[in-house]
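So for the sequence shown, numbering that gives the first Met the number 0 puts the first residue at 0; every next one is plus one. A virtual CB, placed ideally from N, CA and C, is assigned to each residue, including glycine.
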Amino acid sequence: MKVEMNNYSREEKLKIKALDVKAGDRIVAYCKNKRQICKVKQILDLSQTNVTLSVFTTEHYRGCLVSCVVRFQWDALVELVS
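As structure tokens, this is what we get:
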């Protein structure tokens, strides 16, 4: 696990393997062509090569949370936001 501080905020970010991400975790991912903090809604697929997640972004559209699907290689390091 790697710990680093983001210069733009006071939130501490840990890097974990994509296989270790759980529903409810807040991660940094590219969603809607932007790198942003997302909350993991559901793990859609755990294969030997990829981890596919359904996530909510911090954006709202007409009062609703925006969701998207993100995919990581199974051994990728993902930023976990505390």
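Subject >> Which of helix, strand or coil DSSP assigns to lysine 14 >> reply: Judged by DSSP in its simplified three-state form, lysine 14 adopts strand.
**OP:** Between the Cα of valine 54 and those of Arg61, Thr48 and Ala28, spot the shortest distance and give me the residue it belongs to.
**Re:** Out of Arg61, Thr48 and Ala28, Ala28 has the C-alpha closest to the C-alpha of valine 54.
Original post:
Taking DSSP as the reference, what is the three-state secondary structure of aspartate 19?
Top reply: For aspartate 19, the three-state secondary structure derived from DSSP is helix.
Original post:
Mind checking whether the beta-carbon of arginine 61 lies closer than 7 Å to any heavy atom of the ligand COA?
Top reply: You won't find the ligand COA in this model; it holds no ligand whatsoever.
**OP:** Measure the alpha-carbon distance for leucine 76 versus lysine 16 and round it to whole angstroms.
**Re:** Going by the C-alpha atoms only, they are around 5 Å apart.
**OP:** Please report the Cβ distance between threonine 51 and valine 39, rounded to the nearest whole angstrom; I am assuming they are in contact, meaning their Cβ atoms lie under 8 Å.
**Re:** Incorrect: roughly 11 Å between the Cβ atoms, too far for contact.
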